[in-house]
Structures are given as structure tokens and as C-alpha cells.
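>
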Amino acid sequence: MFTPPEYLSPSSIGLFRDCPQKFKLSYIDKIKEPPAWHLYLGSFVHEVLEYLYKENAENRTLETLKSIAADRWTNHEWSTKVEALEEKPGSLTDFKRAAFESMTNLWSLEDPANTELDGMEHEVFASIDGVAMKGYIDRFIFADDGSVVISDYKTGKIPNPKFKSEDDKFFQLLAYALMLEESDQEATSRVELLYLTQKAKHDLTVTPMKLNIARGVIVETRESIEASCATGEFHCNVTKLCDWCHYKKIGICPAHAGK
Numbered sequence: 014m015f016t017p018p019e020y021l022s023p024s025s026i027g028l029f030r031d032c033p034q035k036f037k038l039s040y041i042d043k044i045k046e047p048p049a050w051h052l053y054l055g056s057f058v059h060e061v062l063e064y065l066y067k068e069n070a071e072n073r074t075l076e077t078l079k080s081i082a083a084d085r086w087t088n089h090e091w092s093t094k095v096e097a098l099e100e101k102p103g104s105l106t107d108f109k110r111a112a113f114e115s116m117t118n119l120w121s122l123e124d125p126a127n128t129e130l131d132g133m134e135h136e137v138f139a140s141i142d143g144v145a146m147k148g149y150i151d152r153f154i155f156a157d158d159g160s161v162v163i164s165d166y167k168t169g170k171i172p173n174p175k176f177k178s179e180d181d182k183f184f185q186l187l188a189y190a191l192m193l194e195e196s197d198q199e200a201t202s203r204v205e206l207l208y209l210t211q212k213a214k215h216d217l218t219v220t221p222m223k224l225n226i227a228r229g230v231i232v233e234t235r236e237s238i239e240a241s242c243a244t245g246e247f248h249c250n251v252t253k254l255c256d257w258c259h260y261k262k263i264g265i266c267p268a269h270a271g272k
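Residue 14 is where the sequence shown starts when you use the working numbering, and the numbers rise one by one after that.
(1) Run the CB neighbour count on S115, radius 10 Å, all protein chains shown included, and call it buried at 16 or more, exposed below.
(2) Sort K170, T93, I263, S22 by Cα distance to H215 and report the nearest one.
(3) Reducing DSSP to helix, strand and coil, say where E134 ends up.
(4) Whole angstroms are fine: how far does the CA of D181 sit from the CA of Y53?
(5) Excluding the 5 residues flanking P172 on each side, which residues of the same chain have their C-beta closer than 7 Å to its C-beta?
(6) Quick check on the DSSP output: what are the complete beta strand (DSSP E) runs of length 3 or more inside the segment 164-221, in order along the chain?
(7) Thinking just about the alpha-carbon of each residue, which of A49, H89, F113 is nearest to the one in T77?
(8) Name the two residues that bound the continuous alpha helix (DSSP H) containing M146.
(9) Under 8 Å by Cβ, that's how I've got G159 and M14 pegged, so tell me the actual separation to the nearest angstrom.
(10) State yes or no: is the C-beta of I226 within less than 8 Å of the C-beta of M192?
(11) Whole-angstrom Cβ separation of A190 and L224, contact assumed at under 8 Å?
(12) Just list the residues that DSSP pairs S140 with in beta bridges.
(13) Can at least three beta-carbon pairs, one atom from the segment 36-55 and one from the segment 237-254, be found at a separation below 8 Å?
Here it is, written out as C-alpha cells:
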């Protein structure tokens, strides 16, 4: 009835598990959501920090960060992008202030001058038990024992443990660990989430059990997607989060049609 996507990613898997109907509208029907403030904020912060770590160690200073941020802001026309957003919870000044605060908070978590990254924005493709996967790893380093430590910048809030388990919180990075193991034969020892807004680092030791849980989620989700594509039935997961869903706002979500 429908053709499943050729590849899955940790984010698309997360979307299907949150709401199969939203996954269908985005990945099957190709009706993409418009850019959003928080996504642009994350993208700008990621972009600037990537360029910061391309500098020599002695140049990774706050002054260099300011210079890079100003250059990327101008050359990539970020002011035009932000101004064009349909919904803006603040001004351009608010956006720049929030972004710069997130970036400077990195110094509370690590000293960039003493942190050498071995990879950034690393594209990875792999087959996990027959499931074709692809994605981008924010950054990684090789530890002294040769194992990999995968990190991910976060500009949003730390998830409430009442609503998001540890396995869910780290699923994306555990999936990347599986993918690196499959594609590059590299073993990951630790994954870490760098919550820049809140100056917090959450890390997790990677174990065979944690990897197997992530593997099970990947395989189970692919099977569920294929089953939904075969029947044409994509469940709508109706929650309070629907109030922020683009598809509800434009009136194409079946769960809210005509309301």
C-alpha cells in the first residue's frame, strides 16, 4: 500500500515511536514541517562549535567563538532565516543571546583548548540486523584504550525522567554506537549528552545489554513500519504534545480533522 523509506535514522525511529501518523505524514507523504525556532537555534550552535573545533587548540577561545559566530551569522544569512520563521517566540536579539549563551556554556562542561576531537559531523551508514540505517554523529573521540566516545550537543531542556527513560534518552547515541561497530568495526565505550543550556553532561557506559536494547528497538520499529505500510494504518498518538504539532495546525492529521 505504501513503500517504507529505504533508510531509517535514529530520529525517524524516534518519530515513529512517538506518533506513527506523524511519521507517515513526514516520511511517507513527504509533507515536511516548516523550520522552527528551536531547530534553527540548535543548528546554528552546532555549526559554530564545529568551526570552533576546527581551529588550533590555542585559538579555541571565547574571542574566536564570537568571531566565528559573527562570520557564520552573516555569511549563512541567519538573520533572514530566523526572520522568515512562521512562529517566533522572540526577536533576533533573543535568538542570538540564547545561541551565544548555549555556546559559551560549553566552557562549563569542558575546556575546548584541551579537548581534541577525532571526528565531527561524521556521516555513517550501516545495516543493523538487516535494517538500513544512516545518520550524522555530532562528534567523537578515541579514548586512550582505543574505544570511541560519542557526544551530542543538546540546546533543549533535559528530559523529565518521568516521561523519558534512560534508554530512550540515549537511544540515538546507542544506535550510532551500533552503526559505528557495524560500519567501521569501532567499539564505543561511552556516550554523552552535552546539555548546553543547562550546563549539564549526562553520560552512559555502553554495555552489550544497552546495545542489544537499542538493536531491538531498531528491528522492532522497522517491522512495525513495514506492517503499517502494508495495511495503510498509522496510529495517531494523541497527547498534549499535539497542540504543538504542525500537522494538527494545518488540519491534515486524521485525529484532529474537522475539530
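Each residue gets a CB set at the ideal place from its N, CA and C atoms; glycine is no exception. Just so it is clear, the structure is predicted and the values come from calculations on it, not from any experiment.
This is what the structure holds:
(1) Burial call: buried.
(2) Of the candidates K170, T93, I263, S22, K170 places its Cα closest to the Cα of H215.
(3) Three-state result, E134: strand.
(4) Straight-line measurement puts the Cα of D181 at about 23 Å from the Cα of Y53.
(5) Same-chain partners within the cutoff: K182.
(6) Within the segment 164-221, the complete beta strand (DSSP E) runs of at least 3 residues are 201-208, 213-218.
(7) The residue with the shortest Cα to Cα distance from T77 is F113.
(8) That residue, M146, is in no alpha helix (DSSP H); its beta strand (DSSP E) goes 144-155.
(9) Actually they are not in contact, since the Cβ atoms of G159 and M14 sit about 47 Å apart, beyond 8 Å.
(10) No, Cβ-Cβ distance for I226 and M192 is not below 8 Å.
(11) So it is a contact: roughly 6 Å between Cβ atoms.
(12) S140 is bridged to A145.
(13) Here the segment 36-55 makes contact with the segment 237-254; the two share three or more CB pairs at distances below 8 Å.
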